[in-house]
Amino acid sequence: MKKLLSFMLAVTLFLFSGNAFAVTKVKLGVVTKPGSAQNIVAEKFKELIEQRSNKKFEIKIYHSASLGNETEILQQVQMNTIQMAIVTGGPFDTFDPITRVINYPFLFKNSAQADKILDGPLGAQILKSLESHGFKGLSFSENGFRNLTNSKHPVRTPDDVKGLKIRVMASAIHKAIWKALGANPTPMPWPIYTELEQKVIDGQENPLWVMEVYKFYEIQKYMSLTRHVYSYHIDVASLKWWKTLDKNDQDMIRKAMYEAAVYQRKDNRSKNAARLKFLKEKGMQVVEHPDIAAFRAKVANLKNMDIYKDPKVQDMLLKIMKAAK
Ligand code: EAX
């Protein structure tokens with residue numbers, strides 16, 4: 021009897037002792053659907069962290085806006101009702117104005133340069149800045165370079181943009197870009213298929229994967245490879261939640277998320293040529309070389325706008341512009 025009791029005590033102690041069996045459930049929100057850039061990061065992160073933590077962390081991915089749109093996801097991350105999220109740069113703009121620096125039009129020459137800057141000290145400074153807004157910024161993954169599509173006519177120059185009703189993300193800089201180009205920018209959360217189909221809006225802008233995964237070729241006849249903004253995601257955790265984790269777990273999570281981001285950027289880029297081919301086959305008329313110089317000229321003064329006046333934001337903009345020269 022005594023033996024049995026001490027055995028049971030030992031088992032109970034073992035079961036309740038510390039972390040060996042304690043599972044930490046993590047809700048991870050993305051607004052887009054399986055196959056999307058955001059969801060590929062989420063799935064890779066889940067795979068890496070569950071394996072490396074021996075399932076101590078269990079990641080449940082909530083995709084397809086099941087936790088709300090991107091702004092709503094970020095609000096829940098601040099409150100720690102959602103622990104992690106992969107969110108496009110645009111909607112961060114209202115939470116921390118420093119993020120709008122990366123959305124500056126025609127900022128990066130190419131993806132290698134974007135990686136170098138965002139993975140370097142300037143990117144780290146931007147991620148750090150998010151802490152004063154309740155987010156632990158972990159890494160940058162990517163949506164990709166954004167291109168314009170519309171249902172009205174081919175766009176070669178800014179003159180062709182005049183009067184088009186273009187959906188933009190919830191972001192001051194995205195709205196400013198399309199206003200400067202002469203469009204009628206209309207902020208709207210994701211997804212937007214129905215609005216395009218019903219012609220509430222004429223066009224939208226997004227990286228190539230979006231036109232494929234969301235079947236925009238069915239409802240948007242014209243695409244121009246404007247590559248006007250390098251669209252990043254910020255892979256974040258709730259700062260409230262982050263502070264409850266010990267240093268080892270924090271390091272493991274940060275590392276796994278960065279690796280997931282690097283994996284996804286590469287994956288995304290490797291598919292672009294095939295996507296362009298696919299979209300043409302589906303009947304999209306593509307202007308491959310719009311007059312980029314004319315587009316650039318129209319947005320050249322945006323850096324002097326009020327949305328970049330905050331000294332911290334202005335300072336970051338100038339530093340990134342210099343680094344991207
Ligand atoms: O990734 O809202 C947007 O235009 C985003 O790019 C969207 O989440 C697709």
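Read in order, the letters of the sequence shown correspond to residues 21 to 345 in my numbering.
Each residue gets a CB set at the ideal place from its N, CA and C atoms; glycine is no exception.
Is the beta carbon of Pro125 closer than 8 Å to that of Leu322? For the purposes of this step, residue 322 is identified with residue 302 of the sequence shown, where counting begins at 1. For the purposes of this step, residue 125 is identified with residue 105 of the sequence shown, where counting begins at 1. Contact: yes.
Length of the line joining the Cα atoms of Asn39 and Arg295: Stepping through the sequence shown from its first residue, residue 39 is reached at position 19. Stepping through the sequence shown from its first residue, residue 295 is reached at position 275. With a pLDDT of only 49 at Asn39, under 50, the local geometry of the prediction cannot be trusted, and no value is derived from it.
Do Ile193 and Thr206 have their C-beta atoms closer together than 8 Å? Indexing the sequence shown from 1 puts residue 193 at position 173. Indexing the sequence shown from 1 puts residue 206 at position 186. Taking 8 Å as the Cβ cut-off, Ile193 and Thr206 do not qualify as a contacting pair.
What does DSSP give as the partner residues of Val256 in its beta bridges? Within the sequence shown, residue 256 is the residue found at index 236, counting from 1. DSSP, once it has assigned bridges, lists Ala105 and Gly157 as partnering Val256.
Cα separation between Asp287 and Glu279? Translated into the one-based positions of the sequence shown, residue 287 becomes position 267. Translated into the one-based positions of the sequence shown, residue 279 becomes position 259. Distance between the alpha carbons of Asp287 and Glu279 is about 12 Å.
Assign Pro331 to buried or exposed, taking buried as 16 or more other Cβ atoms, counted over all protein chains shown, within 10 Å of its Cβ. On the sequence shown, residue 331 is found 311 positions in, with the first residue counted as 1. The residue in question, Pro331, is exposed, as its Cβ has fewer than 16 Cβ neighbours within 10 Å.
For the ligand EAX, is there any heavy atom lying closer than 7 Å to the beta carbon of Met99? The residue labelled residue 99 in the question sits at position 79 within the sequence shown. Not under cutoff, so the answer is no.
On the premise that Phe65 lies in contact with Thr44, defined as a C-beta separation below 8 Å, what is that separation, rounded to the nearest angstrom? As a working mapping, residue 44 is identified with position 24 in the sequence shown. As a working mapping, residue 65 is identified with position 45 in the sequence shown. That belief does not hold up - the Cβ atoms of Thr44 and Phe65 are roughly 14 Å apart, past 8 Å.
Apart from the five residues on each side of it in sequence, which residues of its chain come closer than 6 Å, Cβ to Cβ, to Ser37? Translated into positions along the sequence shown, residue 37 becomes position 17. Bear in mind that a pLDDT of 48 at Ser37, under 50, signals an unreliable position, so the number given afterwards is only what the model happens to contain. No residues qualify anywhere along the chain.
Gly88 Cβ short of 7 Å to the ligand EAX heavy atom set: On the sequence shown, residue 88 is found 68 positions in, with the first residue counted as 1. Every heavy atom of the ligand EAX is 7 Å or more from the Cβ of Gly88, so no.
Would Arg166 and Pro227 be called neighbours here (beta carbons separated by less than 8 Å)? Position 146 of the sequence shown, counting from 1, holds the residue named residue 166. Position 207 of the sequence shown, counting from 1, holds the residue named residue 227. Their beta carbons are under 8 Å apart, which means Arg166 touches Pro227 by this criterion.
To the nearest angstrom, how far is the alpha carbon of Gln218 from that of Ala42? Position 198 of the sequence shown, counting from 1, holds the residue named residue 218. Position 22 of the sequence shown, counting from 1, holds the residue named residue 42. The straight-line gap from Cα to Cα measures roughly 50 Å.
Keeping to the same chain, check which residues put their C-beta closer than 8 Å to that of Lys199; ignore five residues upstream and five downstream. The count along the sequence shown starts at 1 and reaches residue 199 at position 179. Same-chain partners within the cutoff: Pro205.
Cα-Cα separation between Ile102 and Leu158, rounded to whole angstroms: Along the sequence shown, one-based indexing puts residue 102 at 82. Along the sequence shown, one-based indexing puts residue 158 at 138. Approximately 15 Å, taken between the alpha carbons.
Short check: CB of Thr114 to CB of Pro209, under 8 Å? Taking the sequence shown and counting its residues from 1, one reaches residue 114 at position 94. Taking the sequence shown and counting its residues from 1, one reaches residue 209 at position 189. Result no, Cβ atoms of Thr114 and Pro209 do not sit closer than 8 Å.
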